[in-house]
Amino acid sequence: MSDLETSLPLTPSNMAHQGEQFHAWAALQKYVHSDESTKLVPWSFTPRPLNDDDVEIKITHCGICGTDIHQLTNVSTIQSQLLLLPEISMLLTLPPSLQGWNRAVYPLVPGHEFVGHVTHLGSSVTHLKHGDRVGVSPVCASCGGCGLCAGGHAQLCADKVTTYNGTYKGFQTYGGYADRVRVQAKWAVRIPDAIGSDEAAPLLCAGITTYTPFKHHNIGANTRVGIVGIGGLGHLAVQWARAKSCRRILVISSSDSKRAESTTLGATGFITLSDPNLNALPTSPLAKSLDVLFVTGSSATIPWAALLNLVDNLGKVVLLDLPEVPISLPAASLIYRHISLVGSFTGSTEDLEEMLTFAAEKGVRPWIKKVPMAEVNKGVDMVIKGGVRYRVVLVKDGAEN
């Protein structure tokens with residue numbers, strides 16, 4: 001058993017924490033849009049002891065991520081939208097292994113892109129101080145001693161702990177739909193003064209998820225980039241590409257409704273999945289017109305053969321969306337043209353700090369819709385229904401930005 005999974009024994013030094021209560025919005029069972037009895041409810045819990053390398057954060061803002069919907073409903077965001085239709089909800093039954101991601105452990109307190117202020121520090125924490133404005137991403141702890149941690153890839157550490165629905169030293173982790181949280185201090189990153197807390201929150205998941213591939217694959221001014229899907233992830237990927245002066249920024253969307261917004265975000269081109277130029281590949285002018293293709297939309301419904309023809313020889317396809325069903329790819333395109341298929345999962349603390357600094361300098365900001373934390377169920381339903389441009393952010397009553 002790893003150190004991060006070992007239970008901390010109850011001793012006189014930490015027994016004092018047993019009477020303290022944090023307050024959150026929790027799901028006590030699987031969330032069903034049409035069933036009021038399954039909505040998130042106010043819930044109080046005893047926090048885990050504050051370890052020497054921990055900080056306690058008073059939360060002010062928390063974004064609602066598609067992963068939250070996966071965890072709350074145990075199905076994907078798109079499946080959740082289908083479940084709003086009675087004629088489909090009666091028919092939609094998937095194998096347990098395909099109904100979402102990790103199984104939710106109840107009570108479930110979601111939220112893994114949040115901002116707040118440091119209120120308490122462990123005895124060994126020296127890089128933060130009381131009152132610092134910090135943010136937390138989908139990972140809240142790692143071992144710190146393995147090769148991945150030492151090499152700047154701590155988010156891939158075998159002993160990493162997810163910010164919610166995980167286990168840290170024997171205690172269940174709870175996320176940002178709460179008033180306070182305790183995390184390993186190295187995973188709490190300072191927020192630059194130039195970025196408001198409401199806009200910083202989505203950067204800690206959607207932002208870092210899309211930024212990290214730009215960094216690790218050296219995507220820059222000479223790169224031709226394509227982005228499939230313009231939502232919480234895609235609208236930030238377009239902005240990163242613009243900020244890095246990419247030579248081409250082609251948006252591929254399921255409909256024409258986001259064409260104007262894509263141009264505003266920085267796209268130099270726009271096509272839909274039904275565009276004749278896409279379906280006429282490999283003979284159309286778009287053939288081999290991209291060096292990197294980001295897949296941020298639902299990869300289960302993507303016409304892979306057509307999209308791979310957009311990618312030039314030696315190009316890359318970066319998967320950022322976890323499909324709800326297995327995907328099928330034409331292997332010949334990958335093999336004969338040396339196209340690489342890669343994934344990307346959030347980022348390290350170094351990546352987070354670099355990303356926030358770059359966003360502050362270049363003006364990269366998420367498009368958000370703010371909802372009071374007390375109306376969390378409204379916010380969740382907005383994400384399930386779709387149509388939000390492009391991220392819902394929960395705001396605590398009286399929180400300063």
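Okay, so the sequence shown: first residue is 1 according to UniProt numbering, each after it adds one.
Virtual Cβ for every residue (Gly too), placed ideally from N, Cα, C.
When only Cα atoms are considered, valine 109 and arginine 247 end up about 42 angstroms apart. Between the alpha carbons of lysine 316 and glutamate 36 lies a gap of roughly 45 angstroms. DSSP, read as helix, strand or coil, puts tyrosine 390 in coil. Apart from sequence neighbours up to five positions away, the residues of its chain that approach glutamine 21 with a beta-carbon distance below 6 angstroms are Ser44, ordered along the chain. Rounded to whole angstroms, proline 47 and leucine 334 show a C-alpha spacing of 49 angstroms. Under DSSP, the beta-bridge partners assigned to glutamine 172 are Thr167. Look at tryptophan 43 here: in three-state DSSP terms it is strand. DSSP, read as helix, strand or coil, puts tryptophan 187 in helix. The Cβ atoms of leucine 310 and leucine 293 lie closer than 9 angstroms to each other. Of the residues Val32, Pro42, His33, the one whose Cα lies closest to the Cα of alanine 26 is Pro42. Under DSSP, proline 372 takes part in a beta bridge, and its partners are Val395. Beta-bridge partners assigned by DSSP to isoleucine 57: Val118, Val181. The closest CA to that of serine 123, considering only Cys62, Pro49, Thr346, is found on Pro49.
Straight through space, the alpha carbons of histidine 235 and leucine 265 are spaced by roughly 7 angstroms.
When secondary structure is reduced to three states using DSSP, phenylalanine 214 falls in the helix class. Bridge partners of tryptophan 25 according to DSSP: Pro42. For phenylalanine 358, no beta strand (DSSP E) run applies; the uninterrupted alpha helix (DSSP H) run containing it begins and ends at 349-362, by DSSP.
Looking at Ser257, Val55, Gly220, the one whose alpha-carbon comes closest to that of serine 245 is Gly220.
For leucine 128, the closest alpha carbon among the candidates Glu199, Gly386, Asp54 is that of Asp54.
When C-alpha distances from isoleucine 271 are compared across Val251, Ile57, His33, Met382, the shortest belongs to Val251.
The beta carbon of lysine 396 sits closer than 6 angstroms to those of Thr60, Met373, all from its chain and outside the five residues before and after it, given in chain order.
Distance from the CA of lysine 186 to the CA of threonine 349, rounded to the nearest whole angstrom, comes to 7 angstroms. Bridge partners of phenylalanine 270 according to DSSP: Val251. Taken through DSSP and simplified to helix, strand or coil, cysteine 149 comes out as helix.
In this model, phenylalanine 171 and lysine 160 are separated by some 14 angstroms (Cα to Cα). One Cα belongs to threonine 357, the other to isoleucine 64, and the distance between them is close to 23 angstroms. When the Cα atoms are used, serine 197 and arginine 133 turn out to be separated by approximately 8 angstroms. Taking C-beta atoms under 8 angstroms as the contact rule, isoleucine 249 and arginine 259 fail to qualify, at a distance of about 13 angstroms. Counting the other Cβ atoms within 10 Å of the Cβ of glycine 229 gives 16 or more, which makes it buried. DSSP places asparagine 222 outside both helix and strand once states are collapsed to three, so it counts as coil. According to DSSP, residue pairing for valine 342 in a beta bridge involves Val318. In this structure, the beta-carbon distance from serine 142 to cysteine 157 falls below 9 angstroms. Non-local beta-carbon contacts of leucine 290 in its own chain, meaning distances under 6 angstroms to residues more than five positions away in sequence, involve Arg224, Gly226, Leu310, Val311 in chain order. Per the DSSP secondary-structure output, valine 136 pairs in a beta bridge with Phe114.
Excluding sequence positions up to five before and after threonine 119, its CB lies within less than 6 angstroms of the CB of Glu56, Lys58, all in the same chain and listed in chain order.
Cysteine 62 is bridged by DSSP to Phe114, Leu394.
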